[in-house]
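Engineer:
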Amino acid sequence: MATGIYAKGKEYKSEVPPTWCAGCGDYGLLNAFMNSLADQQINVNNTALISGIGCSSRFPFFIKAYGFHGVHGRALTIASGVKLANPELEVVAFGGDGDGFAIGGGHVPHMCRKNMDMTYIVMDNSIYGLTKGQMSPTTTPGMKTSTTPYGAPDNPINPLAFVLTYGATFVAQAFSGNPKQMRGLITQAMKHRGFSYINVISPCPTFNKQDTFDSYKEMFEDLPEDHDTSDKPGAIAKALDRTSGKLYSGVYYEDKETPTFLDRIAEQRKTAGAFDFQKILDIYRP
Amino acid sequence: MATGIYAKGKEYKSEVPPTWCAGCGDYGLLNAFMNSLADQQINVNNTALISGIGCSSRFPFFIKAYGFHGVHGRALTIASGVKLANPELEVVAFGGDGDGFAIGGGHVPHMCRKNMDMTYIVMDNSIYGLTKGQMSPTTTPGMKTSTTPYGAPDNPINPLAFVLTYGATFVAQAFSGNPKQMRGLITQAMKHRGFSYINVISPCPTFNKQDTFDSYKEMFEDLPEDHDTSDKPGAIAKALDRTSGKLYSGVYYEDKETPTFLDRIAEQRKTAGAFDFQKILDIYRP
Amino acid sequence: MGHKSDLCIRIGGEGGEGIISSGDILAQAAAKAGLEVLTFKTFPAEIRGGYAMYQIRMSSEKILSEGDGFQVLVVFNKEALDNNINKLKAGNVLIWDGPEGGDINELPEVPEGVIVYNLPMSKLAKVDLGVYRSKNMVCMGALSELFNIPVDRLKEIINNRFGKKGQDIVDLNYKALQLGIDYVKENHQGISNPYNVVAQEQNKDVIIMSGNDAVGLGALMAGCNFFACYPITPATEIAYWVAKHLVKKGGTVVQTEDEISSIGAVVGASFAGAKAMTGTSGPGLSLMTEILGLGVMVEAPLVICDVQRGGPSTGLPTKHEQSDLFLACYGGHGDFPRIVLSAENVADCVDLTIHAFNLAEHYQTPVILLTDGSLGFRTETFEAPDINKVKVVNRKMYNPDTDGEFLRYKFTEDNISPTAIPGMEGCAHMQTGLEHNEKGSPNYGPVFHTKNTEKRFNKIANAEDFFESSHSDIEEGATVGVVTWGSTQGSVREAVQQAREAGVKVSAFYPKLVWPFPMKAFNEFLKTVDKILVPEVNYQGQLAEIIKTKEIGKEIIKYNIYGGLPFEPQEIAKKIKEVQ
Amino acid sequence: MGHKSDLCIRIGGEGGEGIISSGDILAQAAAKAGLEVLTFKTFPAEIRGGYAMYQIRMSSEKILSEGDGFQVLVVFNKEALDNNINKLKAGNVLIWDGPEGGDINELPEVPEGVIVYNLPMSKLAKVDLGVYRSKNMVCMGALSELFNIPVDRLKEIINNRFGKKGQDIVDLNYKALQLGIDYVKENHQGISNPYNVVAQEQNKDVIIMSGNDAVGLGALMAGCNFFACYPITPATEIAYWVAKHLVKKGGTVVQTEDEISSIGAVVGASFAGAKAMTGTSGPGLSLMTEILGLGVMVEAPLVICDVQRGGPSTGLPTKHEQSDLFLACYGGHGDFPRIVLSAENVADCVDLTIHAFNLAEHYQTPVILLTDGSLGFRTETFEAPDINKVKVVNRKMYNPDTDGEFLRYKFTEDNISPTAIPGMEGCAHMQTGLEHNEKGSPNYGPVFHTKNTEKRFNKIANAEDFFESSHSDIEEGATVGVVTWGSTQGSVREAVQQAREAGVKVSAFYPKLVWPFPMKAFNEFLKTVDKILVPEVNYQGQLAEIIKTKEIGKEIIKYNIYGGLPFEPQEIAKKIKEVQ
Ligand SMILES: Cc1ncc(C[n+]2csc(CCOP(=O)(O)OP(=O)(O)O)c2C)c(N)n1
Ligand SMILES: Cc1ncc(C[n+]2csc(CCOP(=O)(O)OP(=O)(O)O)c2C)c(N)n1
Ligand code: SF4
Ligand code: SF4
Ligand SMILES: [Mg+2]
Ligand SMILES: [Mg+2]
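Chains as they are written, first to last, in numbering that gives the first Met the number 0: chain Y, 0 to 285; chain L, 0 to 285; chain U, 0 to 579; chain V, 0 to 579.
(1) Can you tell me whether DSSP reads residue 354 of chain V as helix, strand or coil?
(2) Closer than 6 Å to a non-hydrogen atom of ligand 6 - does that hold for the CB of residue 145 of chain L?
(3) Is it buried or exposed for residue 516 of chain U, if we count other Cβ within 10 angstroms and need 16 for buried?
(4) Whole angstroms is fine: what's the gap from residue 143 of chain V's alpha carbon to residue 120 of chain V's?
(5) Judging by CA-CA distance, which residue of V/289, V/290, V/270, V/285 is the nearest neighbour of residue 290 of chain U?
(6) Taking the straight line between their C-alpha atoms, what separation do you get for residue 161 of chain U and residue 169 of chain U?
(7) From which residue to which residue does the alpha helix (DSSP H) around residue 374 of chain U run?
(8) In or out: residue 34 of chain L buried (at least 16 other Cβ within 10 Å) or exposed?
(9) Is the beta carbon of residue 513 of chain U closer than 7 Å to that of residue 482 of chain U?
(10) What does DSSP give as the partner residue(s) for residue 50 of chain L in the beta ladder?
(11) By the three-class DSSP mapping on this structure, what secondary structure does residue 415 of chain U have?
(12) Please list, in chain order, all residues of the same chain as residue 439 of chain U whose beta carbon is under 7 Å from its beta carbon, the five residues on each side excluded.
(13) Straight-line CA distance for residue 105 of chain L to residue 3 of chain Y?
(14) Looking at residue 98 of chain Y and ligand 1, is the gap between the Cβ and the nearest heavy atom below 6 Å?
(15) Using a cut-off of 7 Å between C-beta atoms, extract the partners of residue 547 of chain U located in chain V.
(16) Ligand 4: which residues have Cβ under 5 Å from any of its heavy atoms, chain order?
(17) Mapping the DSSP letters down to three states, classify residue 0 of chain L as helix, strand or coil.
(18) Around the Cβ of residue 223 of chain L, are there at least 16 other Cβ atoms within 10 angstroms (buried) or fewer (exposed)?
(19) Fully enclosed by the stretch 373 to 402 of chain V, which beta strand (DSSP E) runs are 3 residues long or longer?
(20) Say yes only if the C-beta of residue 108 of chain Y is nearer than 6 Å to one or more non-hydrogen atoms of ligand 8, and no if none qualify.
(21) If you reduce the DSSP assignment to three classes, tell me which class residue 74 of chain U lands in.
(22) Kindly list, in the order they appear in chain Y, the residues whose Cβ is closer than 9 Å to that of residue 430 of chain V.
(23) Below 6 Å CB to CB, which residues in the same chain sit around residue 288 of chain V once its five sequence neighbours on both sides are set aside?
(24) Using the rule of at least 16 other Cβ atoms within 10 Å of the residue's Cβ for burial, across every protein chain shown, is residue 136 of chain U buried or exposed?
(25) Flag residue 0 of chain L as yes if its beta-carbon sits less than 7 Å from any beta-carbon of chain U, otherwise no.
(26) If you drop the 5 nearest sequence neighbours on each side, which residues of the same chain put their C-beta closer than 7 Å to that of residue 222 of chain V?
(27) What does the alpha-carbon distance come out to for the pair residue 239 of chain U and residue 123 of chain Y?
(28) By DSSP, does residue 471 of chain U sit in helix, in strand, or in coil?
(29) Rounding to the nearest angstrom, what Cα-Cα distance links residue 452 of chain V and residue 352 of chain V in this structure?
(30) Take residue 576 of chain U as the anchor and find which of U/556, U/562, U/560 has the nearest alpha-carbon.
(31) Hey, how far is the Cα of residue 1 of chain U from the Cα of residue 550 of chain V?
(32) I think residue 304 of chain V touches residue 214 of chain V, with their Cβ atoms under 8 Å apart; what is that distance to the nearest whole Å?
(33) Starting from residue 514 of chain V, follow its DSSP beta bridges and name the residues at the other end.
Now the structure itself:
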């Protein structure tokens, strides 16, 4: 095995001990992710893990790969620069529901529609963890948080429906309580060409006492066998539908046809013509 | 008639002559909007029109009402402050496709999901007009613009599908070439309680030579009679569907049930209790 | 060394071990006993793990700063011991739980002369009480017995805090307290205790409150009725406060999707006539600078409170630093002025927030109030403010009878244009971030840009006359004058006391307004000294650099630390002696 | 004033009347004729309507600035006449189309001694040619005939420009030219024309190019291979250029959804090893300051070009101002340094962009290059640069053989840590905007924050030694030294010439590096003068304020204009005389 590739998931773990509370959902992703790296035989030297700010955004510290822990909400912007500068790299971006869909929410549509070649994993705990318990974009209305002492007044966003509408070409949902399924989904997402998104429901037992492992366990179900992953409106409808009280894990949507951003760029390079410095100067010679 | 209310649409026009090119689609909205104001007997003294930066964002200058022309992409943030500070005001925000869905795209989801009590009208010309012809979020892929000399590499966004997914409670599309229909839609949108959105297809003959009045005229059709404005997944599917080569104008979706942000705030105020300065200090008296 | 009557207790341990809540209770008990209290807390930037510290300074006299270290150290774990043990001096006290709660007889190495009081709080809680997490209450009990802190007060507070959770919880805490008290009584009776505080009657109406809460209180008193914000350490508590209380007065508080949206909403609310504010820390202020310029351009009254933290970038989110002065004074594109205030202590947080609103309204311009993380978190006792005595200023409104035609940006003698808000009849107008004429229509000609630029700068040029914008403390014969800003002012005040007690002559200048710098008062001050010393918790000496631009013709001596901690007064006192 | 051989023609009218394109053609023709050319354009901020102006200065000698007004004025409408007529002096020429293209015999009021040449270009185009929009070409023909600009050159350029559109278009333009030529021949023959330019042989390889294009060219030459941006006036042309040309060299150019995304992508690309850049104007730079701090914290080499415009807020998007120096030097939260450069002219835009990349790579830190709207838009002739002679610097990479264990933020003697990029084996590491230890792990203790803060500042402290970072022009016996930055440097150079020609002794200091200010060179310079004069196109005197912080012990005289226009050299020359 080449240096940088490991046989077992746990060998991908860095020396840095996770800073998460006992019982934090993010541990589930960490394990699943490391196992998926081993499954895929990923080389950490060619891997860049990019994140924003939040409990969840500490993720890259705990893996042996190259990593970048940026500023709040901008993980995708930085990740896109990494990938475009070196398309050889395996690029995965990480963040929380606040990082990704509040302050960072303006960037997601554009990564999706560009079909930027990378994977984005959001750890959704319906709360701001690191800043100690304020309303997040996925907080249930009416929930009391430190900034909403009389109950959260906002309707929650629906990350899956968002990225589907934005044009992400691979969209899945996973649950921290089911790391085995998650492991497979991560592998699928990383192998996907183009922009892949995984919404990980990852409870925060410390600050969100309402959305717990137990309550989610009740609600989670695999997507039905007959779910058509090529039907986007169907996938959106599934994501929006909360009448059943169920949450579905699995692959909502997959599109292998749409060219990726790098594909398009490569196409353009061909029409741009060869580099000739004197020819460029000629334009400016009077 | 009280001061500030006018009988005819054109009386709502300010002294400032529009800065738009001859043939700009934005004139269509201006006329339709003024006529709608007259239809509704709106008082300009109680009206605040808020915009960002762009050709389209000059809109408020041309109406007699209170107006605010802010910075690029932030019209909705400013408009929300205006409305929350004085719920008595009629608040309408305006902008372009770049202002609203590129730099400002991070704010739209949150105004929608909050169901903020105001109307947002985007003049979509699939180009950056004011800065003279760069790719916008709705530019057709492959189109050559000044920043994309080898063709635009990005897939376009779908504003209607976006705001529907975000949770806007009134969503319509209009066409500058059909100001009569637009006039009615504006009235409906402004009368709607909560966040209402109108996507106005408003060609830029100066910088977008591809998406013209003529090409749009071919494509535009009214939404079918049997379109169900209460079916959100259906509305999204309709918005996403480009296979027919058609564009539909009319009301895509309407939801009169979801409480508005002001409704929720009012609810909370009740539980907060009465103001008593000494009682507050008591918390801090040792 | 501070006052003789001072007692400063520091408790250190792992975040989450109840250190913060027990510190709060102790501080309140001391305040209840009529003492002045000033606390100092540091948290880890991570949720779990990392070192947390709570220090309670109590005194019979006004406390000016965190002080010079502490006399009593309580350690809940080894990290706390290692971080702090060497700061103890002969005669100071270590409260000792045993290594990681182990055998109390296994003593740590301590500096010479340090007194060690055994207190097996872990064991008492775990074994005797059966509830390990009550360790902090055992500790409180012991401390109250050792240092004379009235246990009745402690009980009262515990009852108030935990009453809602049921009598069981209250009783458990009482029991834990008693265990600590009893242990001390049995084991340390008769030991001549070097420290004890004497409860005293207070006939002032005192409150104990944090800097962040105080900003909220100030906003409420100033008539703030709109607050928008995005959570950020160490500023979020301002939002908690206003979210709870402003609404009772009919105000609106909204959590937005980011800081840009917050400041946008604040500008909009101000346009609509509200007294609007946002609270943030450095990263948020960076994001707000574009719209800050818009606020100046449209002449919107609004207030931004920046609770500074260690930077740049995400930096040291829970650490102390005063490094956003440049950003506050110079940030944002284009050449535009803004008013910048800085608070010294918790009472100042109330007062200056009120002044910030008044200045904003009077001058129709954004005002930035700088506080910092230590000040935001620390609690202090001070006299309860009287809402009926507050002077509230409102923007000058257009009056059709006296003002002629309504022109939003009318050139006037004092550069303040009477304004109008939506809803007023006949005053409909446009505001724009483009340069404009008196009416508000875009105009890029030399005349209006020149005149408006001058208007924007000139209108606030005399802001120092608007309120008590600085305080000079002049000692005759002093050659050196200390000048600083923010909470370092407290350390300087105490350092000046120390220096004078040691016979060193020194003067000091305390600006509350830092931009435009109160030059009239400062020039008067400068006449009395030969050189100035500027201690700041940043690298470049941001205030010192600004003062240099005033070409004061005197030596300016910078004194900078940038390790994430505030100054100790003794450090400054030493420096004063050095440079005098 | 200016050189004897100077000719400066100004054409004014409504935006969209072909003024810009005809000006471009005229400028190119002059350059083709071997003349030095420097143009100056102003556009309205609106798409339609508003006043546009194009000024072409041509000379047999190097042109240093826009100059002192113009000698020939062509007006396409009344607004252009009103805006400019009073700037004409006796002996200057007005080309007169009649009022709004009406009766040419209805003469306007002109200053005494101004010569009026009738030229009914509207009529000639509309009536004689039948194509009104060819009015500008009629005008070109007339100008070439009047002022000796070789008409063959004009035709060549027209052929190159319009050839693609078909011979019809070319012929139409030729015909229009000829109409203008013929009119002059018939009506103004024999008039003793006070101005004419003499074509000359050029044996240098000259190009004519705008400042924005030149920044693109510099980036390409420096090895830039990643460029992200969001359109903004007056910077967008940089993006046009790189979008067209960088890709040919394998580079990547991406238009992002906003400026925050641009700078984020640039930081990411730099992390991945690219030479990355973004171009923007003030509002964009304001939005970028948070991530600028991140770039400094992670020590990312990257370049930001800010093409300044009038501010604050949306301000005066197409007007001239140098008001982002404070933002560039002091913007962003926390106390952190950055390298700031400022360009004087178009050739400088090439050179300093190259230096910007080299500095960024060498010091592993963000570099901001300040230009401005006039410079970005104006075209100038200069010698074609040689890509083979360019010195390209690359960041110091980690070498396992000599550098020991890989530590991304290793403390070294020169404060530069050898780095590694993803893809390198065995160097996987974390970069974070949190304060960190040598490895890159978060650390908020006093030691690392103190040492890293010092490292960040110290590593660039001697940046002035890295390249020719300033230029001193010392005249013996001069008491006053002029210091300025940006394109005002050109006006100062010309003013200095004028002053010296008038017998006034004066020195001047031209910093290319403005932060950290090149103090070694400046101190040497200061020894030779008694006081300094700092002309700047902003209100506060941003450079003057920065110089004040250096406590130079000499009088600093500010000279500020802020009307949206650059200085005229004669204004500065006059001031020099006044203060000497
Ligand atoms: C510009 C800026 N604004 C605010 C913050 C404060 N902040 C840090 S993390 C965070 C939210 C974290 O929530 P989320 O992204 O959901 O992650 P979690 O901690 O829940 O995993 C906030 C508001 C910041 N660091 N920077
Ligand atoms: C922060 C910032 N970035 C960029 C710009 C430049 N800018 C002004 S308008 C505009 C885009 C206009 O496009 P759109 O919103 O579609 O409006 P249109 O002109 O097409 O109506 C841009 C990029 C700006 N003013 N501010
Ligand atoms: S606070 Fe919540 S999200 Fe953060 S580490 Fe703890 S459990 Fe996880
Ligand atoms: S440039 Fe386009 S969008 Fe702008 S005014 Fe002209 S036609 Fe309208
Ligand atoms: Mg979260
Ligand atoms: Mg547009």
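Here a beta-carbon is modelled for each residue, glycine too, at the ideal position from N, C-alpha and C.
Note that the structure is a prediction, hence the values are computed from the model and not measured.
Structural biologist: Quick look at the numbers:
(1) Working through the fourth sequence from its first residue, we reach residue 354 of chain V at position 355. It is helical.
(2) One-based indexing of the second sequence puts residue 145 of chain L at position 146. No, Cβ of residue 145 of chain L sits at least 6 Å from all heavy atoms of ligand 6.
(3) As a working mapping, residue 516 of chain U is identified with position 517 in the third sequence. With 16 or more Cβ atoms within 10 Å of its Cβ, residue 516 of chain U is classed as buried.
(4) The sequence position of residue 143 of chain V within the fourth sequence is 144, counting from 1. The sequence position of residue 120 of chain V within the fourth sequence is 121, counting from 1. One C-alpha to the other measures close to 14 Å.
(5) Translated into positions along the third sequence, residue 290 of chain U becomes position 291. The residue with the shortest Cα to Cα distance from residue 290 of chain U is V/285.
(6) Counting from one through the third sequence, the residue named residue 161 of chain U turns up at place 162. Counting from one through the third sequence, the residue named residue 169 of chain U turns up at place 170. Distance between the alpha carbons of residue 161 of chain U and residue 169 of chain U is about 6 Å.
(7) Here residue 374 of chain U corresponds to residue number 375 of the third sequence, with the count starting at 1. Segment 372 to 376, the alpha helix (DSSP H) holding residue 374 of chain U.
(8) Walking along the second sequence from the start, residue 34 of chain L turns up at place 35. By the 10 Å Cβ count, residue 34 of chain L comes out buried.
(9) Stepping through the third sequence from its first residue, residue 482 of chain U is reached at position 483. Stepping through the third sequence from its first residue, residue 513 of chain U is reached at position 514. Cβ distance not < 7 Å, so residue 482 of chain U and residue 513 of chain U don't count as in contact.
(10) The residue labelled residue 50 of chain L in the question sits at position 51 within the second sequence. L/68, L/93, per the DSSP bridge assignment.
(11) Translated into the one-based positions of the third sequence, residue 415 of chain U becomes position 416. The answer is coil: DSSP assigns residue 415 of chain U none of H, G, I, E or B.
(12) Mapped onto the third sequence, residue 439 of chain U falls at position 440. If we look at residue 439 of chain U and ignore the five residues flanking it on each side, its Cβ neighbours are 407, 408, 428, 429, 430, 431.
(13) Taking the first residue of the second sequence as 1, we reach residue 105 of chain L at position 106. Taking the first residue of the first sequence as 1, we reach residue 3 of chain Y at position 4. Taking the straight line from one Cα to the other gives about 38 Å.
(14) The residue labelled residue 98 of chain Y in the question sits at position 99 within the first sequence. Yes; taking the cut-off as 6 Å, the Cβ of residue 98 of chain Y has a heavy atom of ligand 1 nearer than that.
(15) In the third sequence, residue 547 of chain U corresponds to position 548, counting from 1. Per Cβ cutoff of 7 Å: 547, 548, 550.
(16) L/19, L/20, L/23, L/54, L/128, L/203, L/205, V/46
(17) Locating residue 0 of chain L in the second sequence gives position 1, counting from the first residue. Reliability of the predicted coordinates at residue 0 of chain L is poor, the pLDDT of 49 falling under 50, and the value obtained from them is presented with this limitation in mind. Of the three classes helix, strand and coil, the one that applies to residue 0 of chain L here is coil, per DSSP.
(18) To locate residue 223 of chain L, count along the second sequence from 1; it is residue 224. Residue 223 of chain L should be labelled exposed.
(19) 378 to 382
(20) Only ligand 1, ligand 2, ligand 3, ligand 4, ligand 5 and ligand 6 can be found as ligands here, which leaves ligand 8 out of the picture.
(21) Position 75 of the third sequence, counted from the first residue, corresponds to residue 74 of chain U. Looking at residue 74 of chain U - three-state DSSP - the assignment turns out to be strand.
(22) In the fourth sequence, counting from the first residue as 1, residue 430 of chain V sits at position 431. Within chain Y, the residues near residue 430 of chain V are 65, 66, 67, 68, 69.
(23) As a position in the fourth sequence, residue 288 of chain V is number 289, starting the count at 1. The residues are 330, 331.
(24) For the purposes of this step, residue 136 of chain U is identified with residue 137 of the third sequence, where counting begins at 1. The residue is buried, with at least 16 neighbouring Cβ atoms inside 10 Å.
(25) Taking the first residue of the second sequence as 1, we reach residue 0 of chain L at position 1. Note on residue 0 of chain L: pLDDT 49, under 50, position unreliable in the model; the coordinate value appears next. Closer than 7 Å: no.
(26) The count along the fourth sequence starts at 1 and reaches residue 222 of chain V at position 223. Closer than 7 Å at the Cβ level, and outside the excluded window around residue 222 of chain V, lie 274, 356, 391.
(27) Here residue 239 of chain U corresponds to residue number 240 of the third sequence, with the count starting at 1. Here residue 123 of chain Y corresponds to residue number 124 of the first sequence, with the count starting at 1. Near 23 Å, if we compare the C-alpha coordinates of residue 123 of chain Y and residue 239 of chain U.
(28) As a first step, residue 471 of chain U must be located in the third sequence, where it is residue number 472. The answer is strand: DSSP assigns residue 471 of chain U an E or B state.
(29) Numbered from 1 along the fourth sequence, position 453 holds the residue referred to as residue 452 of chain V. Numbered from 1 along the fourth sequence, position 353 holds the residue referred to as residue 352 of chain V. Distance between the alpha carbons of residue 452 of chain V and residue 352 of chain V is about 27 Å.
(30) Indexing the third sequence from 1 puts residue 576 of chain U at position 577. Between residue 576 of chain U and the set U/556, U/562, U/560, the nearest pair of CA atoms involves U/556.
(31) Residue 1 of chain U sits at position 2 when you count from the first residue of the third sequence. Residue 550 of chain V sits at position 551 when you count from the first residue of the fourth sequence. Low per-residue confidence applies at residue 1 of chain U: pLDDT is 39, beneath 50, and the placement is therefore not dependable, though the value from the model is reported in the following sentence. Approximately 37 Å between the Cα atoms of the pair.
(32) By one-based count along the fourth sequence, residue 304 of chain V stands at place 305. By one-based count along the fourth sequence, residue 214 of chain V stands at place 215. Going by Cβ atoms, the distance from residue 304 of chain V to residue 214 of chain V rounds to 5 Å, so yes, they are a contact pair.
(33) As a first step, residue 514 of chain V is located in the fourth sequence; it is residue number 515 there, counting from the start. Per DSSP, V/339.
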